[in-house]
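Trainee: Per the working numbering, residue 324 is the first one in the sequence shown, and the count goes up by one each step. Note that the Cβ used here is the ideal one computed from N, Cα and C, for glycine as well. Have a look at this one before I ask anything.
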Amino acid sequence: MINIETEKGLDHKADFKAGAEYLLEDIVFLRTGFSTLTQSVVGGVGVKFKNFQADYALGNQTALGFSNHLSVAYQFK
């Protein structure tokens, strides 16, 4: 999947964003993205198995440095 979008606030410059997701073997997702306003680059991996999903991403912003993102989800049926 490829996603491209733009975001423009009244008092802010336009932010152009792009991202891509690649599915491996129906359970592993590789992701990457970029934002022009924050000059940030993000890369990550996700795993989905039955009702369980876990995602990890590592981002880098010029102003803030590196940041880690982790999410875990379980869908009750």
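Got a sec, what are the start and stop residues for the beta strand (DSSP E) residue 357 sits in?
Mentor: For residue 357, the enclosing beta strand (DSSP E) starts and ends at 351-358.
Trainee: Report the residue from 387, 326, 360 whose alpha carbon sits nearest the alpha carbon of residue 337.
Mentor: 360
Trainee: Measure the Cβ-Cβ separation of residue 358 and residue 340 and say whether it is below 8 Å.
Mentor: yes
Trainee: For residue 353 and residue 368, what's the separation of their Cα atoms in angstroms?
Mentor: Using only the alpha carbons, I get a separation of about 5 Å.
Trainee: Can you tell me whether residue 371 is helix, strand or coil according to DSSP?
Mentor: strand
Trainee: By the three-class DSSP mapping on this structure, what secondary structure does residue 329 have?
Mentor: DSSP places residue 329 in strand when its eight states are reduced to three.
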